[in-house]
Amino acid sequence: MKNERTPLNGIRGTGSARGLALAFLGASLLLGACRKSEDKAPAAAGEGPVVGWEDAVLTHAPEVPPPITRTHPARVTVRLEIKEVEKELAPGVRYMVWTFGGSVPGMFIRVREGDLVDFHLSNHPDNKMPHNIDLHAVTGPGGGAAASVTAPGHSSVFSFKAMNPGLYVYHCATAPVGMHIANGMYGLILVQPKEGLPKVDHEYYVMQSEFYTHGKNREEGLQSFDMEKAVKEDADYVVFNGAMGALADDKALTAKVGETVRLFVGNGGPGLVSSFHIIGEVFDRVHSWGGARADQEQVQTVLIPSGGAAIVEFGVDFPATYILVDHSIFRAFNKGALGMLKVTGPTDSSIYSGKQRDEVYLAEGAAIQTLPDGAAIKMPTKLTQEEMMERGARVFTQVCAACHQAKGEGIPMAFPPLAKSDFLMADKARAIDIVSQGKTGPITVNGAHFDGVMPRLDLDDASIASVLTYVRNSFGNSGDAVTIEQVKARRR
Ligand SMILES: [Cu+2]
166 MKNERTPLNG IRGTGSARGL ALAFLGASLL LGACRKSEDK APAAAGEGPV
216 VGWEDAVLTH APEVPPPITR THPARVTVRL EIKEVEKELA PGVRYMVWTF
266 GGSVPGMFIR VREGDLVDFH LSNHPDNKMP HNIDLHAVTG PGGGAAASVT
316 APGHSSVFSF KAMNPGLYVY HCATAPVGMH IANGMYGLIL VQPKEGLPKV
366 DHEYYVMQSE FYTHGKNREE GLQSFDMEKA VKEDADYVVF NGAMGALADD
416 KALTAKVGET VRLFVGNGGP GLVSSFHIIG EVFDRVHSWG GARADQEQVQ
466 TVLIPSGGAA IVEFGVDFPA TYILVDHSIF RAFNKGALGM LKVTGPTDSS
516 IYSGKQRDEV YLAEGAAIQT LPDGAAIKMP TKLTQEEMME RGARVFTQVC
566 AACHQAKGEG IPMAFPPLAK SDFLMADKAR AIDIVSQGKT GPITVNGAHF
616 DGVMPRLDLD DASIASVLTY VRNSFGNSGD AVTIEQVKAR RR
């Protein structure tokens, strides 16, 4: 509903301003050694000089750091720690999430337009994977990704100037990028416009994303990432703030009648676009695409791209539990994209009459979501060597190359090589087990050590036989074929 309107902000950012800002960043990086003192450097057009040095306040969703009241840019330190931790996706469903700050989504970062940000990214020593960060607010190679590749037990530091106000997604961009994002590596950074945002009573952080699990939706136990479903964008869970129910019941957002609410809404993807809507509420002002200024008023549903954001503001006029959904509605009622905003206070019958008739409302739930499985696909039981090589090449490019790379060369410290791999060629049965069941734990390939996670891939016997025949006869390897029978025998 309507609340008091504030004039829309002006358009900002000219080419020459950016040029100046870049030069300014270069100068400031040189000053890095004497950071305790106040850094004074020439101001970019329309901004004051960088004064002072402070630590950014970071918060876990749904909390948002307090508005920045400074009237000048400052040098700001952001410290973010990557942790791989087990979390509950839904009741009884556990998942090893990779996080920026210990939770999904990652911690909310708030800086001010013009700030010079020193970014410290740490990768906890217990983690298995190298990670990095691409902040969409950063102007520079990979949005910081190139400068922040960090092995477990290490820390990277880079600096950037927050030149462009707006709400931005950040995410991990380590190969395979889709897998790192699917495992929970995303969050939001707000570059607060220098004139600030209009005052509201509540600011909240909501981020949508999907999970692709080996089991079906709500299948209990420890679930692992399913690359095949992810490639098909066939999500088992679409959720707000990292888990089914993370914004429901006693964890609902709250407000009182007469108050104003601002939601910073992001979409981590990795694959799906969000049609963000609140059942029973209208957004008074919207910053489409997370842009610096409100550009729309009285909006029902905002489209939030994968890797994008939006800011929505509204006043609450009537007590109720308002439901946050992705209006691609099966996601809401069947996959988890459902949150709550509980508004308390006096009713006003001039706004809404209240219940005039009583009837039973049956909420949708798990009961309706069992659909018949697709007809079993007939798999070939016999293939010629040539057919195996052809099929194997296809499986390799579609599935394995994301991690082991296009020519099987691997990535140092992350993915072992299949090219000329002594480990692969030494033991056929072991190779079948790895491709059919996944693999974790320390191994040595061609003298180099690896201790990562290869997920279960859910391939049929013919595909496993073919891809192994292919890799055992490509990239400098040569060996005998792996037959479908041999795979069958190992799997039973
Ligand atoms: Cu990562």
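Position one of the sequence shown corresponds to residue 166 (the numbering used here), numbered consecutively onward. Ideal placement from N, C-alpha and C gives every residue a C-beta, glycine not left out.
Length of the line joining the Cα atoms of residue i and residue j
i, j, result
"Ile-476", "Trp-454", "8 Å"
"Pro-484", "Lys-416", "17 Å"
"Glu-203", "Phe-284", "Reliability fails at Glu-203, whose pLDDT of 42 lies under 50, so the model's placement of it is uncertain and the value that follows must be treated cautiously. Between Glu-203 and Phe-284, the C-alpha separation is close to 18 Å."
"Ala-459", "Pro-363", "11 Å"
"Ser-628", "Asp-598", "13 Å"
"Ser-518", "Gly-480", "19 Å"
"Arg-656", "Gly-612", "29 Å"
"Val-647", "Ala-630", "5 Å"
"Leu-194", "Met-590", "The predicted model places Leu-194 with a pLDDT of 40, which falls under 50 and marks its position as unreliable; any figure quoted below should be read in that light. One C-alpha to the other measures close to 49 Å."
"Glu-551", "Tyr-335", "45 Å"
"Ala-192", "Leu-254", "With a pLDDT of 38 at Ala-192, under the threshold of 50, the modelled position of this residue cannot be trusted; read the value that follows with caution. Each residue's Cα considered, the two are about 46 Å apart."
"Ile-346", "Pro-607", "24 Å"
"Gln-534", "Ser-493", "Any reading at Gln-534 needs caution, since the residue's pLDDT is 33, under 50, leaving its predicted position unreliable; the model's value is listed next. Going by the C-alpha atoms only, they are around 15 Å apart."
"Leu-286", "Leu-300", "12 Å"
"Ala-411", "Gly-352", "15 Å"
"Asp-616", "Ser-389", "17 Å"
"Val-652", "Thr-339", "32 Å"
"Ala-210", "Thr-236", "Any reading at Ala-210 must be qualified, since the residue scores a pLDDT of 35, below 50, and its modelled position is unreliable; no value is offered."
"Glu-385", "His-379", "11 Å"
"Thr-512", "Tyr-369", "24 Å"
"Glu-398", "Gly-436", "6 Å"
"Thr-486", "Gly-510", "12 Å"
"Ala-221", "Thr-562", "43 Å"
"Arg-275", "Glu-650", "58 Å"
"Pro-470", "Ala-302", "16 Å"
"Ser-643", "Glu-574", "16 Å"
Residue i CB to nearest heavy atom of ligand 1 below 8 Å
i, result
"Ile-247", "yes"
"Thr-339", "yes"
"His-614", "no"
"His-296", "yes"
"His-345", "yes"
"Met-350", "yes"
"Trp-263", "yes"
Paired residues, beta bridge with residue i - DSSP
i, result
"Ser-287", "Glu-246, Ser-320"
"Lys-326", "Leu-281"
"Ile-444", "Ile-488"
"Tyr-402", "Phe-376"
"Met-619", "Lys-604"
"Gln-357", "Arg-277"
"His-367", "Val-426"
"Gln-388", "Tyr-260"
"Ser-439", "Ile-469"
"Ala-420", "Val-508"
"Glu-574", "DSSP output for Glu-574 lists no bridge partner at all."
"Ile-476", "Phe-429, His-452"
"Gly-434", "Ser-374"
From the options, residue whose alpha carbon lies closest to that of residue i
i, options, result
"Val-229", "Thr-634, Thr-264, Val-282, Asn-406", "Asn-406"
"Val-371", "Asn-432, Val-396, Gly-257", "Asn-432"
"Leu-468", "Val-438, His-301, Glu-446, Ile-494", "Val-438"
"Gly-271", "Lys-248, Ser-471, His-452", "Lys-248"
"Asn-329", "Leu-254, Gln-357, Arg-235, Ala-408", "Gln-357"
"Thr-549", "Tyr-635, Asp-482, Ile-516, Thr-486", "Tyr-635"
"Arg-637", "Ser-320, Thr-609, Asp-626, Ala-584", "Ala-584"
"Lys-572", "Asp-626, Gly-504, Lys-547, Gly-641", "Gly-641"
"Ala-558", "Asp-645, Gly-308, Leu-633", "Leu-633"
"Thr-264", "Lys-252, Gly-386, Pro-256, Gly-305", "Lys-252"
"Gln-461", "Ser-471, Thr-304, Glu-478", "Glu-478"
"Asp-626", "Val-610, His-614, Gln-602", "Gln-602"
8 Å contact criterion, which residue i and residue j should meet: CB distance rounded
i, j, result
"Thr-425", "Asp-366", "5 Å"
"Trp-218", "Arg-240", "4 Å"
"Ala-474", "Val-447", "In fact, because the Cβ distance is near 20 Å, the residues do not count as touching under 8 Å."
"Pro-238", "Arg-277", "6 Å"
"Asn-292", "Pro-317", "4 Å"
"Ser-374", "Val-404", "7 Å"
"Thr-315", "Pro-295", "6 Å"
"Asp-377", "Lys-500", "Per the sequence shown, the amino acid found at residue 377 is Tyr instead of Asp. Incorrect: roughly 11 Å between the Cβ atoms, too far for contact."
"Leu-503", "Ala-400", "Contact doesn't hold; Cβ gap of about 14 Å is too wide."
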